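Residue 310 in the numbering used here is what sits at position 300 of the sequence shown, and the numbering runs on without skipping anything.
Here the structure is laid out as structure tokens; the discussion comes afterwards.
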Amino acid sequence: MSSNPNRIVPPEFVTLESSEKRYLSINNADTGNRGTPIGLRASKTMDDIDKDSEFEVFPNGYGEFYLKGNNGRYVELLGVGFSSGPYFKCSRHEGITGSPLGFELIPAGGNNDQFYLRSYSVYERERHYLSDTHPSAQDGVTGYPNRNSRCLFTISEPVDSKVIFDVEYDLRRPKLGREEVSIQQHEIVNNTRFDSKLDGTTSYTYKKSTVGTWNNTAGFEIGTKISFKVSTVPFVVENGIDLTMKASYSHSWGGSKTEEETYTITASGHVPPMKRAVLKFIVKRKKMDVNFTYKERVRYKNRPEVVRTKKGIYSNVETFDAQSILTDVRDL
């Protein structure tokens with residue numbers, strides 16, 4: 011299983027809110043020549059958005075996606091090279107030869123949910139940006155060759171709630187990072203007795219930062235605001251190193267959760283009579299990525315509840331193991 015945490019992907023359904031606080035929606039006034047509404051307008055407010063303001067997302071496998079409206083049609087670019095264009099409508103039939111118009115997301119920066127949507131089609135040399143403005147001759151939205159403030163959209167998921175549950179880790183093939191080994195602490199133990207061994211004891215306190223990022227395997231899913239709690243990641247043993255998460259945490263989807271745990275480890279060693287020795291701690295650290303599957307229960311605002319099974323990856327989990335050794339035994 012692979013993941014690209016830097017790839018930005020939309021959820022299954024999205025709403026597109028313009029910089030003017032208007033939602034892109036199918037305009038029922040434009041029915042085309044077949045009686046189906048195909049126009050696009052950025053006109054509805056948060057109080058009156060409905061299914062016509064929601065678009066289904068279909069990834070095409072190349073980092074782009076198609077947008078399908080509630081009318082069963084796909085958003086497409088029209089009028090390129092004509093005085094009335096270019097403009098976008100939700101008018102493309104699913105059965106037409108060739109692929110629907112693909113979009114890619116361009117982050118606006120500063121706000122994780124604000125993006126430009128840039129079109130791509132093998133039939134067009136230029137790419138155009140979806141906007142909230144309307145050409146006078148068409149009931150669509152203008153396609154701009156260069157992005158501007160009218161091309162900026164906030165992408166959200168039209169849900170009442172989303173719950174992640176039944177997280178199951180796949181520990182058969184954890185991706186383990188490079189091992190870092192260091193001697194963190196040592197203590198010199200002198201046994202001045204002639205008749206018995208001495209137990210030398212020392213303690214080591216280690217602060218472990220448990221930093222991880224939760225994503226699905228497609229990448230960072232925008233428009234999703236959710237926190238969830240999962241149980242302990244079971245231990246993994248490789249080359250004698252016990253890689254263990256020792257607690258459960260509340261995580262933010264698509265983001266990091268940083269916790270700091272303090273561990274105190276005590277070790278002892280037997281020093282023979284009239285000998286000195288050095289008691290050391292050797293700390294081994296690694297980071298690992300853990301694959302998992304999970305279920306997602308989504309209660310949509312305007313659609314039936316859906317439960318999906320998905321795959322994810324928990325990246326950058328810091329793990330450690332501390333071992334004690336008695337070395338450098340010599341006469342006093």
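The C-beta atom is built at its ideal place from N, Cα and C for all residues, glycine as well.
The structure presented is a predicted model; accordingly, all values stated were derived computationally and were not measured.
The three-state secondary structure of Asp-62, taken from DSSP, is helix. Taking 8 Å as the cut-off, the beta carbon of Asn-301 is found closer than this to the beta carbon of Asp-180.
Secondary structure at Ser-159: helix, using DSSP grouped into helix, strand and coil.
For Thr-25, the uninterrupted beta strand (DSSP E) run begins and ends at 23-28, by DSSP.
Cβ-Cβ distances below 6 Å link Ser-63 to Thr-25, Tyr-33, Ser-35, Lys-54 in the same chain, with the five nearest sequence neighbours on each side left out; the list follows chain order.
Here DSSP, grouped into helix, strand and coil, assigns Phe-92 to coil.
Only exposed fits His-103, as fewer than 16 other CB atoms lie within 10 angstroms of its CB.
Of the residues Asn-326, Ala-332, Val-19, Ile-323, the one whose Cα lies closest to the Cα of Glu-167 is Val-19.
If you draw a 10 Å sphere on the C-beta of Val-173, you find fewer than 16 other C-beta atoms in it, and that means exposed. Per the coordinates, the alpha-carbon of Tyr-154 lies some 15 Å from the alpha-carbon of Arg-51. Cβ-Cβ distances below 7 Å link Tyr-97 to Leu-88, Gly-89, Pro-145, Gln-148, Gly-150, Val-151, Thr-152, Gly-153 in the same chain, with the five nearest sequence neighbours on each side left out; the list follows chain order.
Straight through space, the alpha carbons of Phe-92 and Thr-303 are spaced by roughly 49 Å.
Rounded to whole angstroms, the separation of the alpha carbons of Leu-111 and Asn-70 is 10 Å. Within the same chain, Thr-25, Tyr-33, Ser-35, Pro-168 come within 8 Å of Ile-59 by CB-CB distance, once the 5 residues on both sides are set aside.
A straight-line Cα-Cα distance of about 29 Å links Lys-296 and Ala-287. The beta carbons of Leu-289 and Leu-342 sit no closer together than 8 Å.
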